[in-house]
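Residue numbers (this note's numbering): 148 to 350.
Working notes, structure below.
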Amino acid sequence: MKIKSADFVMSNSNVTKAPQDNIPEYAFIGRSNVGKSSLINMLMERKDLAKTSGKPGKTQLINHFKINDSWFLVDLPGYGYAQISKKKRVIFQHFIENYFKERKQLVCTFVLIDSRHDPQKIDLEFMQFLGENQIPFCIAFTKADKIGSSKINKQITSYKKKLLNYWETLPHSFLTSSSTSLGRKEVLDFIENVNTDVADDFK
Ligand code: GTP
Ligand code: MG
Numbered sequence: 148m149k150i151k152s153a154d155f156v157m158s159n160s161n162v163t164k165a166p167q168d169n170i171p172e173y174a175f176i177g178r179s180n181v182g183k184s185s186l187i188n189m190l191m192e193r194k195d196l197a198k199t200s201g202k203p204g205k206t207q208l209i210n211h212f213k214i215n216d217s218w219f220l221v222d223l224p225g226y227g228y229a230q231i232s233k234k235k236r237v238i239f240q241h242f243i244e245n246y247f248k249e250r251k252q253l254v255c256t257f258v259l260i261d262s263r264h265d266p267q268k269i270d271l272e273f274m275q276f277l278g279e280n281q282i283p284f285c286i287a288f289t290k291a292d293k294i295g296s297s298k299i300n301k302q303i304t305s306y307k308k309k310l311l312n313y314w315e316t317l318p319h320s321f322l323t324s325s326s327t328s329l330g331r332k333e334v335l336d337f338i339e340n341v342n343t344d345v346a347d348d349f350k
């Protein structure tokens, strides 16, 4: 898919105030610092469309970006960031949970997982939450450039094998790097295909 336009629309902490356009939407979620905002920039070939930081906890709101005037990408706050006060963390969880439960336009969620890590409880719990709420998701393994090419396939295969302890079938997955643009075409082709598949539902 060719990206002709990518525009920031709005940020908010309340799903009912999110844009009302009836177009397909894709959300990016995962642990703080896993590379959600960077992946959005890489896909859009824009340096600063989504704000990134070396410090976890940068993205704090629901951020809508309209792509090619026909679908939304959504950058969300990370979960599992221990440095945030407990009170604030609860509010985060609540509005993120609401977003996933209420957002009708959401057609697929990308759960981002650091390629170097084994399955972690918080990610497994989040995938379980998506499953329980019948929200389709796929996995984007991030920061692939940080592991040697000989190790990476072994690591991803092992991750998927462990996921099969919890899921009967594996979600679609992508190996990505925002530094090298690895996976860009695969993710965009996937979104293009889903957009075609769901077109009738958005008429
Ligand atoms: P929060 O908004 O805080 O939840 O973080 P995030 O998941 O949006 O992460 P962000 O995109 O801000 O990236 C976090 C850090 O990881 C930044 O320093 C990025 O430069 C770095 N980073 C992200 N993706 C990659 C990647 O593919 N490769 C490498 N080497 N670094 C990356
Ligand atoms: Mg972010």
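Glycine residues also receive a C-beta, built at the ideal position from the N, C-alpha and C atoms.
How would you call S297, buried or exposed, if buried means at least 16 neighbouring beta carbons within 10 angstroms?
Per the 10 Å Cβ criterion, exposed.
Quick one: grab the DSSP three-state call for A197.
coil
Under 6 Å Cβ to Cβ from F321, same chain only, skipping five residues before and after it: list those, please.
Only A287, G330, E333, V334 meet the Cβ criterion.
Going along the chain, which residues of its own chain have a beta-carbon closer than 7 Å to the beta-carbon of D261, five neighbours each way excluded?
If you ignore the 5 residues before and after D261, its C-beta comes within less than 7 Å of the C-beta of V181, T289, K290, all in its own chain and listed in chain order.
State yes or no: is the C-beta of T343 nearer than 7 Å to some heavy atom of the ligand GTP?
no
Can you give me the C-alpha to C-alpha distance between R193 and D270, rounded to a whole angstrom?
28 Å
If distances are taken between C-alpha atoms only, which option among E279, M274, Q302 comes closest to R263?
Q302
Got a sec? Which residues, its chain only, sit under 7 Å from K248 by beta carbon, not counting five neighbours each side?
N280
Nearest neighbour of S324, chosen from M189, M148, S160 [CA to CA]
If we check each option's Cα against that of S324, M189 comes out closest.
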